[in-house]
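Okay, structure first, notes after.
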Amino acid sequence: MSATARAIESGDAGLLPSRRDEDWRWSDLRGLIRAVPAPSPEDLAPLAASPFGNLAEAEMAIVNGRGPAGLTLAAGERRVVALRFVAGAGAGSHVARLAIDLGEGADLVLLETYEGGGQDYLADADLTVSLAAGARLERIVLADDSAAGVSVSRADISLAAGARLAQTVLTTGARRQRLETRVSHPGHGADVRLDGVYLLTARRHADITTIVTHEGVDGTTDQLTKGVADDQARGVFQGRIVVSPGADRTEARMGHHALILSDRAEIDGKPELEIYADDVSCAHGNTVGALDDEALFYARQRGIPETEARAMLMAAFLGEVIDRIAHEGAREIAQAWVASRLEARV
Amino acid sequence: MLSIKNLSVSVESKAILSGLSLEVPAGEVHAIMGPNGAGKSTLSYTLAGKPGYEVTGGSATLDGVDLLSLDPSARAAQGVFLSFQYPLEIPGVPAITFLRTAMNAQRKARGETDISAPDFLRLVRAKAAALKMDFDMLKRALNVGFSGGEKKRMEILQMSVLSPRLAILDETDSGLDIDALRIVSEGVNALRASDRSMLVITHYQRLLDYIRPDRVHVLSAGRIVASGGPELALELEAEGYDKYVRAAA
């Protein structure tokens, strides 16, 4: 259970993670929240349509922490499911817990959303996911939290041999927001892709944290996160890949690249490789830069107005991540989601 | 037509152009030649509106419209096209998408409706074929991984699709081998038109063997110091810029 969930359930703000915790130093919650808000009430009002539209064949909605507690796919079963974490009417503080089990060779496309409306809340989502041998999960997350909301999501994902996880998290941040994924990677042909996009304006904050632990031989991990921070926003990327003793022939790549668009915006990137095995191939890259003024002028010279040219260059920058989404319908929605937010900000 | 009067421009508080005057009537091709550092690229960037080029005096109008007060994209919609000496790479944006975005942005600025997708494709296919360009190249990210010659050809393609009133070719010959030079020049020559002015900026006379100018101007120390017919380019080729550099000093 996450520290945030414990703090909410006990009503003790002193249990919230703080900057004294090394992994939370850029996303301090204890300094931000003096008292845990009152528990969120039940909200039975019907929901608006899912941001993923009608792509999913089934929908699971968890509103103010209340909703289904699990999803199980039998061996060989294939499904496309929308999973919605919603801060509903009167939201204060709540914890949502969900367990997802994929049987051998099962295939799940999980279309996950965080929907904050305009509210002020403290929300925690804890997901426990397990993939049996040869199972596949493509998880696409659209995090649309409120500017006043505080949101923590943590997924603990364990894979069996030959399983495949592909994840893309897209977020516009919140007052404070952490999207954390921990993967227990068995090697033996299992394959992990963990990608992220953050697009932050105003005073929003987003923290994408991943920890992948390779525990067996012949595992692969590929990570690419890209972000844009404007105004006084703050983007945090913490990526850790641990290659345990004996996890030989691990191949891991991690990239984090960000554009910073204002003097008062901040990007914190911390890619870490901890390697305790032999014969591994691991690499990471981390860059933070500004939008290319020369390219911007070139586009304007061709007649594209500055605001549009900026949006075009940013969409292209972030597009490299979105292009990696395998599910075609979800990829198109992710593209449109990013494009609409780029247009809105200019 | 393009009319520049007494134009003075500073870059980082350093005067680069000082009192430059030039008229390029519609239908004519004028060459600007000059030694390195004379202000040739400053002239093209100033006309296109690049940030950092500060106009400290004078005027520049196209068909009577004051260019200097317009945003770069508004100048483009007005008909200004600059073929860059070093075309930029735009990762992630296919050339065809870039060009269509540019064309529709210009049309919108002029109060016209978007060009339809089939009409646009027909237009680009025809223009690309005329420049002996493989259409598949247009599906790649603009200029990314292109050779010098391919980039210049892509500039001429954009120019021919956007059909500007004023085309400024900044050192279009740089980085081109003789075959590429011929193809690019043929592309430029095909764009000569009675309603179009062209300004060909070059250090070497070589390009002018392929693109015959109506007039040649010598730019030195930020001003036009001599003007003449095509024979002036040959004289510069034979004698160099020395006497103009000295005259301007």
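Here the protein sequences come in this chain order: A and B. Converting from the first sequence to the numbering used here requires adding 202 to each position, the first position being numbered 1. Converting from the second sequence to the numbering used here requires adding 13 to each position, the first position being numbered 1. Each residue gets a CB set at the ideal place from its N, CA and C atoms; glycine is no exception.
From what residue to what residue does the alpha helix (DSSP H) around residue 86(B) run?
85-91
Mind pulling the chain B residues with CB within less than 8 Å of residue 543(A)?
By Cβ distance, chain B contributes nothing, its closest Cβ being about 17 Å from residue 543(A), past 8 Å.
Run through DSSP, which three-state label would residue 176(B) get?
coil
Using a Cβ-Cβ cut-off of less than 7 Å, give me the residues of the segment 104-121 of chain B that come near chain A, in sequence order.
Within the segment 104-121 of chain B, the qualifying residues are 104, 105, 106, 114, 115, 118 and 119.
To which residues of the same chain is residue 323(A) closer than 6 Å at the C-beta, ignoring the five residues directly before and after it?
Taken in chain order, the residues that qualify are 289, 293 and 351.
Anything in the segment 500-512 of chain A with a Cβ closer than 8 Å to a Cβ of chain B? List those residues in chain order, please.
500, 501, 502, 503, 504, 505, 506, 507, 508, 510 and 511
Is DSSP giving residue 57(B) helix, strand or coil here?
helix
Quick check: what's the CA-CA separation for residue 143(B) versus residue 27(B)?
43 Å
Indicate whether the contact test is met: 3 or more Cβ pairs, each with one atom in the segment 164-175 of chain B and one in the segment 98-111 of chain B, closer than 8 Å.
yes
Residue range of the unbroken beta strand (DSSP E) whose run includes residue 19(B)
Element bounds for residue 19(B): 15-24.
So that I know if they touch, is there some Cβ in chain A lying closer than 8 Å to that of residue 86(B)?
Contact with chain A is found for residue 86(B), since one of that chain's Cβ atoms lies less than 8 Å from the residue's Cβ.
Which residues in the same chain as residue 330(A) place their Cβ atom closer than 6 Å to its Cβ, once the five residues preceding and following it in sequence are excluded?
So the qualifying residues of the chain are 301 and 358.
Do you know offhand how far residue 280(A)'s Cα is from residue 366(A)'s?
14 Å
Along the chain, where does the beta strand (DSSP E) that runs through residue 422(A) open and close?
For residue 422(A), the uninterrupted beta strand (DSSP E) segment begins and ends at 422-431.
I need the straight-line Cα distance from residue 369(A) to residue 513(A), nearest angstrom please.
So the two alpha carbons sit approximately 25 Å from each other.
Establish whether the CB of residue 239(B) and some CB of chain A are separated by less than 8 Å.
no
What residue does the alpha helix (DSSP H) around residue 259(A) start on, and which one ends it?
Looking at the DSSP string, residue 259(A) is not in any alpha helix (DSSP H), and its letter there is neither H nor E.
How would you list, in chain order, the residues of chain A whose beta-carbon sits under 8 Å from the beta-carbon of residue 64(B)?
495 and 499
Taking 8 Å as the cut-off, decide whether the C-beta atoms of residue 417(A) and residue 454(A) are in contact.
no
Can you check whether the C-beta of residue 141(B) is within less than 8 Å of a C-beta belonging to chain A?
no
Quick one: which chain A residues come within Cβ less than 9 Å of residue 97(B)?
Going along chain A in sequence order, the residues near residue 97(B) (Cβ under 9 Å) are 500 and 503.
DSSP three-state label for residue 316(A), please.
strand
Going along the chain, which residues of the segment 511-525 of chain A sit with their C-beta nearer than 8 Å to a C-beta in chain B?
511, 514, 515, 517, 518, 519, 521 and 522
For residue 463(A), which residues of its own chain have a beta-carbon under 6 Å away from its beta-carbon, when the five flanking residues on both sides are left out?
Correct list, in chain order: 432.
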